[in-house]
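Novice: Take any residue in the sequence shown, count from 1 to its spot, add 827: that is its number in my numbering.
C-beta atoms are modelled at their ideal positions from N, C-alpha and C, and glycine is treated no differently.
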Amino acid sequence: MQIFPSINYGYSTYDPHKEIPNVEGKVILVTGAKVLGQAPSHSATIEARRLNLGARRQVYLGARDETRGKAAVQRIQDSISGLSSGGSVVWLPLDLSTPQLTKAGADAFLRSEKRLDVLIHNASSQEMIAYSTVSEGGLTINKMMSTNYLGPFVLTQELMPVLKRTAEEPDSDVRIVFVTSMAHLHLSEKPDLRNLEGWNARKGEGVGEALGRYGISKLAIVLFTRELQSRLDADNIPITCITLHPGMVNTDGPKTAIKSGILSYLVPLFIVAFGLAPLQGSYTTLFAATSQKIKAEPTKYKGSFLLPYNRVTETSAFGKDKQLAEDLWACSEEVAEICLRGYQSRPSQ
């Protein structure tokens, strides 16, 4: 079976209906749960069946908005109601906009679970709006960089102990999957990621500047993933880290990203005409999170960047810049440490 994902990516032989294995007993956390609630019910049913959600596994859907998060949970629960029970889908309150809010979500997860097999970073801010910031610990941070990169950085670090414990178990297959974007490939200048001044440098108005901020936040994810994989490998920890571009997907996020001007009318029309359906848009993530090929060929896939649906692709020269990755990591640790001073655990919800 050949699938034609879009006009940009050509053909792929990946077939999730045949290739997703049984993941019985695994615990999975997916951020950005509101997107899952946008898929038509029949698509959610197919995806749930392929993932064997009814077979003694626990899936957490992280979202900051309780109404949307629980709606996504209900949609999936309804789609698997006819399957043999044993697994469950749970909303996890998770806001990635600041380190303290991110840590609160991680703490909530850790109060419930002692293992984590797959962490999927699916949440993202795509709004092409005026420059905005968040403040915490006396620091002011570019909001897109904080939500798209710093939040996932903190969440991964907070959950790393449970990921490592799970990876020590016999026949484990622990994975950290980051949904990023091809936007990072189109940056014309190397960003300065050594300090917050560099993170906050793109303050201009207009779609071009907003796309630049978005691209830098997605480059940061690629750099973090490659550096994280390098450090895990150096410590002989069997965890696989993968970044991917899911394709141009027909969901509300990209269609409503541009708020004004002629592009606010043209972009949605183009996405509707040529974009992937939400279920198709999940295929690359499903491959990264579940494919047996990745476990069989770890050298090929560790630290890789995937295009739909299963193609290992070169990232940009900036994305492979080791010094840039190390500078970003050092700055991220410093910023997170300052933001998390005085953090107090939230009560269970």
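Please confirm whether ASN975 and SER952 have their CB atoms less than 8 Å apart.
Specialist: On the sequence shown, residue 975 is found 148 positions in, with the first residue counted as 1. On the sequence shown, residue 952 is found 125 positions in, with the first residue counted as 1. Their beta carbons are under 8 Å apart, which means ASN975 touches SER952 by this criterion.
Novice: For CYS1068, write down the residues that DSSP places opposite it in a beta bridge.
Specialist: The count along the sequence shown starts at 1 and reaches residue 1068 at position 241. Partner(s): ILE1003.
Novice: First and last residue of the beta strand (DSSP E) that includes ILE855?
Specialist: Translated into positions along the sequence shown, residue 855 becomes position 28. Start and end: 854–858.
Novice: Which residue from SER1008, THR1112, TRP1026 puts its Cα closest to that of SER959?
Specialist: Residue 959 sits at position 132 when you count from the first residue of the sequence shown. The candidate whose alpha carbon is nearest that of SER959 is TRP1026.
Novice: From which residue to which residue does the alpha helix (DSSP H) around GLU1160 run?
Specialist: Reading the sequence shown from its first residue, position 333 is the one you call residue 1160. From DSSP, the alpha helix (DSSP H) with GLU1160 extends over 1149–1166.
Novice: Taking 8 Å as the threshold (C-beta atoms), are SER1015 and ILE1069 in contact?
Specialist: Position 242 of the sequence shown holds residue 1069. Position 188 of the sequence shown holds residue 1015. Going by C-beta atoms, ILE1069 is not nearer than 8 Å to SER1015.
Novice: Assuming HIS948 contacts THR858 (C-beta within less than 8 Å), just tell me the rounded distance between them.
Specialist: For the purposes of this step, residue 948 is taken as residue 121 along the sequence shown, with counting starting at 1. For the purposes of this step, residue 858 is taken as residue 31 along the sequence shown, with counting starting at 1. About 6 Å; that satisfies the 8 Å criterion.
Novice: Kindly list the residues whose CB is nearer than 7 Å to the CB of CYS1158, restricted to its own chain and excluding five residues on each side of it in sequence; keep chain order.
Specialist: Here residue 1158 refers to the residue found at position 331 when the sequence shown is read from its first residue. Hits under 7 Å: LEU1020, ARG1021, ASN1022.
Novice: In chain order, what residues of the same chain lie with their CB nearer than 6 Å to the CB of LEU1012, ignoring the 5 residues before and after it?
Specialist: Start at 1 with the first residue of the sequence shown, and residue 1012 comes out as number 185. Cβ neighbours of LEU1012 beyond the five flanking positions: SER1143.
Novice: Starting from the C-beta of VAL886, find all residues in its chain whose C-beta is less than 6 Å away, skip the five residues before and the five after it, and write them out in chain order.
Specialist: Looking up residue 886 in the sequence shown gives position 59. Cβ neighbours of VAL886 beyond the five flanking positions: ILE855, VAL916.
Novice: To the nearest angstrom, how far is it from the Cα of GLY1035 to the Cα of ARG884?
Specialist: Within the sequence shown, residue 1035 is the residue found at index 208, counting from 1. Within the sequence shown, residue 884 is the residue found at index 57, counting from 1. Taking the straight line joining both Cα atoms gives about 43 Å.
Novice: What does DSSP give as the partner residues of ILE947 in its beta bridges?
Specialist: Taking the first residue of the sequence shown as position 1, residue 947 is located at position 120. DSSP lists VAL857, VAL1004 as partners of ILE947.
Novice: How many Å lie between LEU1071 and GLY965 at the Cα?
Specialist: Counted from its first residue, the sequence shown places residue 1071 at position 244. Counted from its first residue, the sequence shown places residue 965 at position 138. Roughly 33 Å separates the two Cα atoms.
Novice: Decide yes or no for the touch test of the region 886–902 against the region 1133–1140: beta carbon pairs closer than 8 Å, at least 3 of them.
Specialist: Judged by Cβ distances under 8 Å, the region 886–902 makes no contact with the region 1133–1140, as fewer than three pairs qualify.
Novice: Decide yes or no for the touch test of the region 994–1011 against the region 1049–1056: beta carbon pairs closer than 8 Å, at least 3 of them.
Specialist: yes
Novice: Under three-state DSSP, which class holds PRO843?
Specialist: Within the sequence shown, numbered from 1, the residue matching residue 843 stands at position 16. Residue state, collapsed to three classes: helix.
Novice: Using only CA atoms, which one of SER962, GLU995, THR925, GLY896 lies nearest to LEU943?
Specialist: Here residue 943 is taken as the residue at index 116 of the sequence shown, counted from 1. Selected option, being the one with the closest Cα: GLU995.
Novice: With a 10 Å radius around its C-beta and 16 neighbouring C-beta atoms as the bar for buried, classify ASP1000 as buried or exposed.
Specialist: As a position in the sequence shown, residue 1000 is number 173, starting the count at 1. Per the 10 Å Cβ criterion, buried.
Novice: How is SER962 classed by DSSP in three states: helix, strand or coil?
Specialist: Start at 1 with the first residue of the sequence shown, and residue 962 comes out as number 135. SER962 falls in the strand class under three-state DSSP.
Novice: Whose CA, out of LYS1030, LYS930, LEU1038, lies closest to the CA of LEU986?
Specialist: The residue labelled residue 986 in the question sits at position 159 within the sequence shown. Cα-wise, what sits closest to LEU986 is LYS930.
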